[in-house]
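Reading through the structure tokens given below for one structure.
Number of protein chains: 2
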Amino acid sequence: MMGVPDHDLEAYCIDVARRARVAAGELGGLTGAQKDAWLRRSAAALREQTPRVLAENQKDLSAARGLGLGASQVDRLELSPARMEEMARALEEIAALPDPIGQVIEARVRPSGLEVLKVRVPLGVVLFIYESRPNVTADAAAICLKSGNAVILRGGKEAAHSSAAIVQVLQDAAAETGLPGDAVQLVSTADRAAVSHFLALDQYVDLVIPRGGEGLIRRVVAEARMPVIKHYTGNCHVYVDRDADLEMAERLVVNAKCQRLGVCNTAESLLVHADIAAVFLPRIGRVLGRQGIEIRGDAEVCRTVAGAQAATEEDYRTEYLGPIISVKVVASLEEAIAHINHYGSHHTDAIVTDRLAAARAFTRGVDSSAVMVNASTRLNDGGQLGMGAEIGISTDKFHARGPCGMMELTSYKYVVYGAGHLRE
Amino acid sequence: MMGVPDHDLEAYCIDVARRARVAAGELGGLTGAQKDAWLRRSAAALREQTPRVLAENQKDLSAARGLGLGASQVDRLELSPARMEEMARALEEIAALPDPIGQVIEARVRPSGLEVLKVRVPLGVVLFIYESRPNVTADAAAICLKSGNAVILRGGKEAAHSSAAIVQVLQDAAAETGLPGDAVQLVSTADRAAVSHFLALDQYVDLVIPRGGEGLIRRVVAEARMPVIKHYTGNCHVYVDRDADLEMAERLVVNAKCQRLGVCNTAESLLVHADIAAVFLPRIGRVLGRQGIEIRGDAEVCRTVAGAQAATEEDYRTEYLGPIISVKVVASLEEAIAHINHYGSHHTDAIVTDRLAAARAFTRGVDSSAVMVNASTRLNDGGQLGMGAEIGISTDKFHARGPCGMMELTSYKYVVYGAGHLRE
Chain A
0 MMGVPDHDLE
10 AYCIDVARRA
20 RVAAGELGGL
30 TGAQKDAWLR
40 RSAAALREQT
50 PRVLAENQKD
60 LSAARGLGLG
70 ASQVDRLELS
80 PARMEEMARA
90 LEEIAALPDP
100 IGQVIEARVR
110 PSGLEVLKVR
120 VPLGVVLFIY
130 ESRPNVTADA
140 AAICLKSGNA
150 VILRGGKEAA
160 HSSAAIVQVL
170 QDAAAETGLP
180 GDAVQLVSTA
190 DRAAVSHFLA
200 LDQYVDLVIP
210 RGGEGLIRRV
220 VAEARMPVIK
230 HYTGNCHVYV
240 DRDADLEMAE
250 RLVVNAKCQR
260 LGVCNTAESL
270 LVHADIAAVF
280 LPRIGRVLGR
290 QGIEIRGDAE
300 VCRTVAGAQA
310 ATEEDYRTEY
320 LGPIISVKVV
330 ASLEEAIAHI
340 NHYGSHHTDA
350 IVTDRLAAAR
360 AFTRGVDSSA
370 VMVNASTRLN
380 DGGQLGMGAE
390 IGISTDKFHA
400 RGPCGMMELT
410 SYKYVVYGAG
420 HLRE
Chain B
0 MMGVPDHDLE
10 AYCIDVARRA
20 RVAAGELGGL
30 TGAQKDAWLR
40 RSAAALREQT
50 PRVLAENQKD
60 LSAARGLGLG
70 ASQVDRLELS
80 PARMEEMARA
90 LEEIAALPDP
100 IGQVIEARVR
110 PSGLEVLKVR
120 VPLGVVLFIY
130 ESRPNVTADA
140 AAICLKSGNA
150 VILRGGKEAA
160 HSSAAIVQVL
170 QDAAAETGLP
180 GDAVQLVSTA
190 DRAAVSHFLA
200 LDQYVDLVIP
210 RGGEGLIRRV
220 VAEARMPVIK
230 HYTGNCHVYV
240 DRDADLEMAE
250 RLVVNAKCQR
260 LGVCNTAESL
270 LVHADIAAVF
280 LPRIGRVLGR
290 QGIEIRGDAE
300 VCRTVAGAQA
310 ATEEDYRTEY
320 LGPIISVKVV
330 ASLEEAIAHI
340 NHYGSHHTDA
350 IVTDRLAAAR
360 AFTRGVDSSA
370 VMVNASTRLN
380 DGGQLGMGAE
390 IGISTDKFHA
400 RGPCGMMELT
410 SYKYVVYGAG
420 HLRE
């Protein structure tokens, strides 16, 4: 489809979106057993088709050199038998979860005898725009279909062959288990204009989930006529309180910053209470230094931490996604909360403290999707929090906040049973 | 503020929105007892200030003649001691409900001992745009504040004096009970451009709820940069199944159509199964005729119902908001479901049937915010369904569907307690 005239591209997008809408109508009426049969068949087929998928993955890896991808990008792109097995197991884990659709969320009987049920239903059609990790293809399709939604997958072009091979497996499994073939569709063009066309089709597409750089997400939000689940950045903080266990604080800061660079729940900023700064700053400075992390701090940080650079105002707003951390000394818990709410991105922020009153004030005062007490920011993740697989993390307050899994891809309807009940 | 230069109007709107944002920050931290004290003081003050509010209401009623309002509009505008008492009681009822904020929605302990709480929080600032019923002013403010949100009220200009008097009572009560004065603000200009300015201020306003005609709501959706809770129309159906109790069906159709014309959950269309059409159509035709309802129907309806007019395709899409109903004979339950999903507005639709399988198929197949079995469409209302006072009804699937009360004006955050928990 590359390089086709724009009206053909638009017609292609409308066709994909319409097919998804029709498939969504069918999916909403399936039983959990049917959806789980598809998930288990898909898992088995991914194992069977591993050689074919890996061969397609090789095409992407060869092309990656030409695209000038970095080592970490190539690593995310690369599939292996072990990664295929992980992908298959992830589908089986989703199959083992209860079916959210049809679940009675609330029920009450009115004094008149009227029975009121609030019943979970799918949203409809999800457009998922994501980066170059091929395993995300299978995960996202599984989460969407199990929650009764059709999905349109728009993957990174770096993973085009791998994603196409995986989607073929999922579609074949759909045919074998009686699911509509259009329940999972992969956009087959790398043309950026296709995204714009889909974002205008709010009569067919109910929700967009973009994952990737801030530029992409801002473009999607500006253009989309349908709701978007997203976070722009993850400028996450760890605040070490006056009454913190400094041993624990050290472990938490190192884990939050260093366990994995370049992901949204990694800590990008460290706040330290003034009363313990003289003790804790040199200590954490040495440990982070050994991990190869550059420190950018205020005057006191620069005085006490060897090698620290002066932070600018901009540093406190920055999600580095790399081996840098901003550090600031704060006079009080209140200053820490105000700093986080002002400079942060409402994603994930942690306090290290032994004081109950400090934990309560921090969890109430910090306006973020997840607020951690004596726990690493890296734990804000659907799997880690026990919600099952996630398709993204939201920093919005409307509809879904924090990790978004199957439940966040659903709506509800009221089903009301009477025996001739009238409005008086 | 009428007729002021547009940059002054914009500055005024920004000032109102900023004040609301600051007030929202304070409201989120209040206890339920503080909010309930404000509600009870407001109720008492409405009783005490009844003469003053009624005097202001008289100014609106005098002006109403000049504006050429119809009798039903004047009726909605008019306050009386009894209506003031109802308004005060409604605030006391909201005070008696549990505080939604801080409620733990879900909680789990992970195998690692990590404690995960999902805690209810306010959305922030709500812009509420509504028609000329002054009692809505007090209701909306109460629902918003009890759920921890600041509210900007934009009422109809017909009720300007009445609303201003009521808001003054609520603001005085706020001052007396320690709530921020800017928690409830009334937009003091009738300039339509003010709405456009507010709809651009997504940095201050978190949600808009427009209530009124479809034109107003479409304009708000087109301009708003923040989420909107709304329904465009209520084209609600009653489907009388083959195995319906026709006695009950008659009562339900009459209640759904005639109990109150001109509201969103009134039935605008009647579908009748072909097998009972010959019996039921003449019967319901007579009853509706006696109620002064005009019938527009298909060929069979015109043949069997005296005085029925031929319906156009457009009739089946129309929310009459008046003494007209469209009527159609359908060959099957499936045709009824397909008709409702195609022509309806996903608001409220009812089946009358004795067959369990029909009830199950209808409640699953009809894609509406509320699906009623042997109950009147008029019962889709927050109070009737036992959810407490409502601020509107949503036909969207994202965030809130059906009647929206306090719970629908909230979000949540994850609060996670560890003891030095790391990501492995």
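Residue numbers (numbering that gives the first Met the number 0), protein chains in the order written: chain A, 0 to 423; chain B, 0 to 423. Where is the CB? At the ideal position from N, CA and C, for every residue including glycine.
Separation of residue j from residue i, as counted between CA atoms
| i | j | result |
| --- | --- | --- |
| LEU332 of chain B | ASP244 of chain B | 16 Å |
| ALA16 of chain A | MET371 of chain B | 31 Å |
| ALA62 of chain A | GLU157 of chain A | 8 Å |
| VAL219 of chain B | ILE228 of chain B | 10 Å |
| MET405 of chain B | LEU122 of chain A | 22 Å |
| VAL415 of chain A | ARG285 of chain B | 28 Å |
| SER268 of chain B | LYS396 of chain B | 23 Å |
| VAL85 of chain B | VAL329 of chain B | According to the sequence as given, residue 85 of chain B is Glu; it is not Val. Rounded to whole angstroms, GLU85 of chain B to VAL329 of chain B spans 44 Å at the Cα level. |
| CYS263 of chain A | HIS345 of chain A | 11 Å |
| ASN297 of chain B | VAL326 of chain B | The sequence given here places Asp at residue 297 of chain B; Asn does not occur at that position. Approximately 7 Å between the Cα atoms of the pair. |
| ASP380 of chain B | ASP14 of chain A | 38 Å |
| ALA266 of chain B | GLY24 of chain A | 25 Å |
| ILE275 of chain A | ARG241 of chain A | 6 Å |
| ALA432 of chain B | ARG40 of chain B | The structure shown does not extend to residue 432 of chain B, since chain B is modelled only from 0 through 423, so no value can be given for it. |
| LYS58 of chain B | LEU66 of chain B | 12 Å |
| MET0 of chain A | TYR129 of chain A | Here MET0 of chain A scores only 43 on pLDDT, less than 50, and its place in the model should not be relied on; the value that follows carries that caveat. Going from the Cα of MET0 of chain A to the Cα of TYR129 of chain A covers about 19 Å. |
| ARG295 of chain B | ALA374 of chain B | 23 Å |
| ASP98 of chain A | GLN170 of chain B | 48 Å |
Where residue i falls: helix, strand or coil (DSSP)
| i | result |
| --- | --- |
| ARG259 of chain B | coil |
| THR409 of chain A | strand |
| GLN184 of chain B | strand |
| TYR315 of chain A | helix |
| ILE100 of chain B | coil |
| SER393 of chain A | strand |
| LYS145 of chain A | helix |
| ASP348 of chain A | strand |
| GLY291 of chain B | coil |
| MET247 of chain A | helix |
| GLY177 of chain B | coil |
| GLY404 of chain B | coil |
| GLU162 of chain A | Note on residue identity: the sequence assigns Ser, not Glu, to residue 162 of chain A. Correct three-state label for SER162 of chain A: helix. |
| PRO4 of chain B | coil |
| SER325 of chain A | strand |
| ALA81 of chain A | helix |
Proximity of residue i and residue j at Cβ, strictly below 8 Å
| i | j | result |
| --- | --- | --- |
| LEU287 of chain A | ARG422 of chain B | no |
| THR347 of chain B | SER367 of chain B | yes |
| ALA173 of chain A | ALA164 of chain A | no |
| VAL168 of chain A | LEU152 of chain A | no |
| VAL278 of chain A | VAL239 of chain A | no |
| PRO226 of chain A | LEU206 of chain A | yes |
| SER162 of chain A | LEU185 of chain A | yes |
| ASN56 of chain B | LEU78 of chain B | yes |
| ILE104 of chain A | ARG82 of chain A | no |
Residues bridged to residue i (per DSSP)
| i | result |
| --- | --- |
| PHE127 of chain B | B:LEU152, B:ILE208 |
| LEU116 of chain A | A:ALA106, A:VAL414 |
| MET225 of chain B | DSSP lists no partner for MET225 of chain B. |
| ALA369 of chain B | A:TYR413, B:THR347 |
| GLN308 of chain B | B:ARG295 |
| HIS236 of chain A | A:SER268, A:ASP348 |
| ALA374 of chain B | A:HIS420 |
| PRO121 of chain A | A:THR409 |
Any residues in the segment 255 to 287 of chain A with a beta carbon nearer than 9 Å to a beta carbon of chain B? Which ones, in chain order?
-> ALA255, GLN258, ARG259, ASN264
If contact means a Cβ-Cβ distance below 9 Å, which residues of the segment 370 to 401 of chain A contact chain B?
-> VAL370, MET371, VAL372, ASN373, ALA374, SER375, THR376, ARG377, LEU378, ASN379, ASP380, GLN383, LEU384, GLY385, MET386, ASP395, LYS396, PHE397, HIS398, ALA399, ARG400, GLY401
Contact set between the segment 198 to 232 of chain B and chain A, restricted to residues whose Cβ is under 8 Å from the partner = Here the close residues are ASP205, LEU206, PRO226.
Selection of the segment 137 to 169 of chain B by Cβ proximity to chain A, strictly under 9 Å = none
Residues in the segment 350 to 368 of chain B with C-beta within 7 Å of chain A's C-beta atoms, listed in sequence order?
-> THR362, ARG363, SER367, SER368
If you measure beta-carbon to beta-carbon, which residues of the segment 87 to 121 of chain A are closer than 7 Å to chain B?
-> Within the segment 87 to 121 of chain A, those residues whose Cβ lies closer than 7 Å to any Cβ of chain B are, in chain order, ARG107, ARG109, LEU113, VAL115.
Just by C-beta distance, which residues in the segment 6 to 37 of chain A are closer than 7 Å to chain B?
-> GLY28
Between the segment 399 to 421 of chain B and chain A, which residues of the former have CB atoms less than 9 Å from a CB of the latter, in chain order?
-> Those would be ALA399, ARG400, GLY401, PRO402, THR409, SER410, TYR411, LYS412, TYR413, VAL414, VAL415, TYR416, GLY417, ALA418, GLY419, HIS420, LEU421, in chain order.
Check distances from the C-beta atoms of the segment 35 to 68 of chain A to those of chain B and list, in chain order, the residues that come in under 9 Å.
-> none
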